[in-house]
Amino acid sequence: MRRTALLLSLLLPLCLHSQSSAVLDGNVVEAATGTPLTNVRARIERLDPIYAKGDPQGHFVFSGLTPGRYELTVESPGYAPLSRVQVDLTSPSARGSVANLGNVKFTKRIAEDGTIHGTVIVPLMGQGAIAGRVTDPYGLPAIASNVEVLLKPAGNANSQPFVRANAPTDDLGQYRFSGLPPGTYWVVASPINRGPATGHDSSQRATYYPGATSLDGASPIVLAAGQSARVDIQIVRVAGVKVAGRIIRPPSVPDATVEVTGAAPRSALYTEVVLVPQGSPPRNMMARFTNGQDDFEIDDVLSGKYTLMAVMSNRSQDGAAGDQAAVAGLLKEVEIGQHDMAGVDLALEPVHDLPGEVTFGEGCQPGPLSIRTAGSFPFTTGQSRAISGADGKFVLTGLTAGRYQIMASWVDRPGPPLMFSSARLGDRDVLTNGFDAPYSGSEPLRIAIDCHGGRRQ
Amino acid sequence: MKLALWMAAASLAAGQTQGVVVDSVTGAPLPGAYVSVRSAAQTVTRTDAAGHFTIEGGPVQVARAGYVEAVNVRTDLSGGELIIPLTPAAVIAGKLVDRDGFPDSGARVDLMQYRILNGERRLYSAVLGQATQSNDLGEFRIGSLRPGRYYLRVSGGSAADWDRRYGTQYYGGTAEPKAENRIEVKAGEVHDKTDMILAIYEGVNVSGSIEGLPLPIGGGGSALLHLANAEYDSAHPFVYTLRPDGTFTIKHVTPGKYKLTSQSGAFGEAGSLRAAMPLEVGANDVTGLTLAVHTVKPVDIAGSLTLAGGGTPAPMTVALNGGRTVRSEADGSFVFKGVLPGHYQVQVYPDLSDRGSAWYPQSAILGERDVLRTGFDVDSEPVGTLRITVGPAARMDGKLVGAAGQPVVGVTVCLLSSQDESTAITHSDGTYRSMVRIPGAYRVYLVSDPGQLTDPDYLDAHQNDFPPVRLAAGENPPLVLVKK
């Protein structure tokens, strides 16, 4: 009997608490300074959402809640929101609890009336913005121009900037990027892009702020937390040289024609010739499309080092758009100077299957591998996949002309992509430079697998 | 001056076009406009200080900041200088806030107009290309607009993300378009105080369950439900998650016609599981819906092309939804392989690069039905053979003159029927050339801006300005129009 009474007295507070209610209150502060934010609101969700607007001191309260687990979201214009953080408003131990939910400090106690009382301190990080106006070389607004903001990842001096966001300009040439974390940015505006319906002036260049045609000459914009910058860009006009040459169809690829209603048949072989400037991300690419013709000309090419890519496809085949069979191609490094270049003859190679061979290093239990290629923009986006046999041999089929990276994983064993100790095609180090298809040599793609850690995952 | 122009025209090389770009309201010449020809060489030029240009080939596109771009202006009429009027562009801009005064960022802002298509009056997005989104301050700006009347519609965005009751709504805060809230802009007008405080709609609950999916749902991948507004915005459905037991409740659905779909698994050999049903939501909760899934797989669609009156046309390009294309064989046959479930429109182009050619599809029969204008649905079942008949287009030359017989220049002549339309700008000698796909009876309109053709009220008011004209296949006798 005494035991039961004791048990009851232990249980009683629990029962009371389970019938009691809960309160969550919070203070929202600026992460950098700890100062209260003046314009905040919060939402908690269990079954249906409940909303609370903060007072001018950045304080909000939810009261009369059913004890339970909630998801808390807090926002304030100009700040990165706190999104769906789990807040446990079930009964705490008698002494209360303190927890860190990410940057949010969460304390919980039981008030004298038995109410579960949770308190959060929510620091929000100010977000930056870059806005400005783009004009054409004549000073008129550049409408529907594509503007990109590039961000250099923090912490790695060697990493390349990547495109963080892009946006079109409005009818005044204005653009705005918001929600930018602190960092180092570049802004690049492409010449008026009215889509395929209109031509464009090939001497107008994608222009990096303040007026460079490549990242090298561009000025970075450094944003601190919550800082904004105005970046105006005038598209520059730089004349270039003419690059001309001839496309030489490999003898093994037959010509093909398509019928044309009421006209002579014409060649179905299209060749796209693209000059891709070296450096990343590539800008100011130039392309020409030839239809059954041998000659190509690219106007207005800036001096510099390029990779020239030619892909010949046969459009007499049926297939979904973009699915026309590539029949030949070429990748070639070229350097363009200050003068027109003629006679850039492109002896295309027929696309063909690429045989390969896997060898296993010491301590490796050989087994079948799944070998995959990945093309990277702008050097094709094609893919190919092969399984190596018991002798380590494989054949990559359906490779379109382009530049490819290579990956491998076990077919019969789970795990991350394998380490290579080397991958070579002829005298080319495929791990560093990828490989180019079509390949004109006769050696297979040689892959060596290292089971103790290699050069690349 | 006139003589000098004439001499300049006479010295033009074959295939060259000379013209002048002017402001359609004031008639003033426009310097610095980009004039371009879509061709392999992508030629482009700018107008000089007097608005003049010379360019090789045609048709031309003309663009200048502050004006509505003119596309596909035909240049293939000899005799005189081409006058291209550009309409000063209007702007609609404003700021969106929710009821807390917080900016509604990332909201999709559409300007809608009623159009009559296939005999049906419906709201369509009036702005081509990328949809406008409000920025982080809730501001939006839509420029390069033709003058006209627009319904402004707001959907998605941070407000809807914060509170689902901020549903799709129109300027004025109504869930449906209301004529009194439409925005009228004149040529060149900037309507930049189009601010909105978003309204909240409780709407109703739509609930039910899905049948035929393995339970619990969500274990093997996505199990999503899409609710698309079938009247206004079928391309941007709302997405919901099914509960593990296969039931769902969608809250805050505003009245209207919807399509409810669910699809799981990728298309492939095994196919995909799909369910779809139309849904009409009124003032009350919708409960007890049952969505039954069935397996859908890609299908092959075979078809044939024949000439009207018999015979097989030279190979042409057949396209589904403007994207997937196949070429017909010498015997007129074609096959689309692996077509995924969906709604498809079929088009026929006589040649890959020559979409302005004089052959047009007259009918596309699938089963017993002509699907050329209605399109057709593909589910998992074979759809049968698609029999397409192509015939010659109807062409007509003409001239627009004033009461005294003088040529009227730079006016858009439009031929319109419920099935097809053609627009042409009159040249400096008043001539124009029309071409329509489908022979038949057409009404004739003169418009100062092509945007008026999308305005049913304008069309009603002007439908008897000229007697209707009947166009036969092939060349038709010239039509002289007298402008009053």
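First to last, the protein sequences are chains D and E. Residue numbers for the first sequence follow this note's numbering, beginning at 1 and rising by one. Residue numbers for the second sequence follow this note's numbering, beginning at 1001 and rising by one. Beta carbons are placed, not taken as given, at the ideal position from N, Cα and C, and that holds for glycine.
Output, in chain order, the set of chain D residues within a Cβ distance shorter than 7 Å of residue i.
{"i": "E/S1144", "result": "I143, D171"}
{"i": "E/D1100", "result": "R41, K53"}
{"i": "E/P1103", "result": "P77"}
Look at residue i and residue j and say whether their C-beta atoms are less than 9 Å apart.
{"i": "E/L1481", "j": "E/G1398", "result": "yes"}
{"i": "E/A1378", "j": "E/L1340", "result": "It is Val, not Ala, that sits at residue 1378 of chain E in the sequence shown. Yes."}
{"i": "D/R164", "j": "D/S214", "result": "no"}
{"i": "E/L1445", "j": "E/D1465", "result": "What sits at residue 1445 of chain E in the sequence shown is Tyr, not Leu. Cβ distance < 9 Å, so E/Y1445 and E/D1465 count as in contact."}
{"i": "D/P368", "j": "D/G398", "result": "no"}
{"i": "D/P281", "j": "D/K305", "result": "no"}
{"i": "E/A1302", "j": "E/L1372", "result": "no"}
{"i": "D/K242", "j": "D/D300", "result": "yes"}
{"i": "D/A244", "j": "D/A342", "result": "yes"}
{"i": "D/V28", "j": "D/P168", "result": "no"}
{"i": "E/I1438", "j": "E/Y1360", "result": "yes"}
{"i": "E/L1291", "j": "E/P1278", "result": "no"}
{"i": "E/Y1150", "j": "E/M1112", "result": "yes"}
{"i": "E/Q1061", "j": "E/V1068", "result": "no"}
{"i": "D/E148", "j": "D/V188", "result": "yes"}
Return the chain-ordered list of same chain residues with a C-beta closer than 6 Å to the C-beta of residue i, the five sequence neighbours on each side being excluded.
{"i": "D/P196", "result": "Interpretation of D/P196 is limited by its pLDDT of 36, a score under 50 that renders its predicted location unreliable; the figure taken from the coordinates is listed afterwards. Hits under 6 Å: none found."}
{"i": "D/M407", "result": "R372, P417"}
{"i": "D/K105", "result": "I121"}
{"i": "E/E1189", "result": "A1090"}
{"i": "D/S63", "result": "V23"}
{"i": "E/E1110", "result": "The displayed chain sequence assigns Asp, not Glu, to residue 1110 of chain E. Cβ within range, chain order: S1125, R1153."}
{"i": "E/E1421", "result": "none"}
{"i": "E/T1325", "result": "T1317, A1319"}
{"i": "D/P153", "result": "S159"}
{"i": "D/R385", "result": "R372"}
Could you pull out every residue in the same chain whose Cβ sits closer than 7 Å to the Cβ of residue i, ignoring the five residues on either side in sequence?
{"i": "D/G426", "result": "G441, E443"}
{"i": "E/G1367", "result": "G1384"}
{"i": "D/S190", "result": "S145, N146, A206"}
{"i": "E/Y1201", "result": "R1165, G1167, A1175, H1252, T1254"}
{"i": "D/A52", "result": "R41, A42, F60, V61, F62"}
{"i": "E/R1485", "result": "Because chain E here runs from 1001 to 1484, residue 1485 of chain E falls outside it and cannot be looked at."}
Which chain E residues sit within Cβ distance under 8 Å of residue i?
{"i": "D/D255", "result": "Correct list: empty, because the minimum Cβ distance to chain E is about 17 Å."}
{"i": "D/G544", "result": "Absent from the model: residue 544 of chain D. The displayed extent of chain D is 1 to 457, so no value can be given."}
{"i": "D/A129", "result": "D1136"}
Which residues does DSSP list as the beta-bridge partners of residue i?
{"i": "E/R1164", "result": "Paired residue(s): none; E/R1164 is not in a bridge."}
{"i": "D/Q383", "result": "D/A374"}
{"i": "E/S1363", "result": "E/T1389"}
{"i": "D/N100", "result": "D/K105"}
{"i": "D/T257", "result": "D/S267"}
{"i": "E/S1434", "result": "E/M1396"}
{"i": "E/Y1171", "result": "According to DSSP, E/Y1171 bridges with nothing at all."}
Which chain E residues are close to residue i, counting only those with a beta carbon under 9 Å from its beta carbon?
{"i": "D/L140", "result": "G1032, R1064, A1065, G1066"}
{"i": "D/P191", "result": "Result: empty, since nearest Cβ-Cβ is about 11 Å, beyond 9 Å."}
{"i": "D/G245", "result": "Correct list: empty, because the minimum Cβ distance to chain E is about 16 Å."}
Output needed for residue i: all residues of its chain with C-beta closer than 8 Å, excluding positions within five of it in sequence on either side, in chain order.
{"i": "D/R446", "result": "G356, E357, T359, S422, A423, R424, L425"}
{"i": "D/G78", "result": "G126, Q127, G226"}
{"i": "D/T198", "result": "Low confidence applies to D/T198: its pLDDT is 40, below 50, so where it sits in the model is not reliable enough to give any reading."}
For a contact meaning CB atoms closer than 7 Å, what does residue i contact in chain E?
{"i": "D/D201", "result": "V1044"}
{"i": "D/S178", "result": "N1135, D1136"}
What residues from chain D crowd round residue i, counting only those whose CB sits closer than 9 Å?
{"i": "E/V1401", "result": "The premise fails here: E/V1401 is roughly 32 Å from chain D at the closest Cβ pair, so nothing lies under 9 Å."}
{"i": "E/D1163", "result": "R43, P49, Y51"}
Could you name the residues of chain D that residue i contacts, counting a contact when the two beta carbons are closer than 8 Å?
{"i": "E/R1141", "result": "D170, D171, L172, Q174"}
{"i": "E/V1091", "result": "D171"}
{"i": "E/D1285", "result": "The premise fails here: E/D1285 is roughly 15 Å from chain D at the closest Cβ pair, so nothing lies under 8 Å."}
I'd like to know if the stretch 128–144 of chain D and the stretch 84–102 of chain D are in contact, where contact means that at least 3 CB-CB pairs between them fall below 8 Å.
no
Touch check for the stretch 1150–1169 of chain E and the stretch 1092–1104 of chain E: three-plus C-beta pairs under 8 Å?
yes
Do the stretch 1197–1216 of chain E and the stretch 1240–1249 of chain E meet, that is, are 3 or more Cβ pairs less than 8 Å apart?
yes
Counting pairs of Cβ atoms below 8 Å between the stretch 173–180 of chain D and the stretch 122–133 of chain D, do you hit three or more?
yes
Evaluate the contact criterion for the stretch 246–259 of chain D versus the stretch 324–334 of chain D: three or more CB pairs, one atom per stretch, below 8 Å.
yes
Assess, as a yes-or-no matter, whether the stretch 1287–1306 of chain E is touched by the stretch 1323–1343 of chain E under the definition of 3 or more beta carbon pairs within less than 8 Å.
yes
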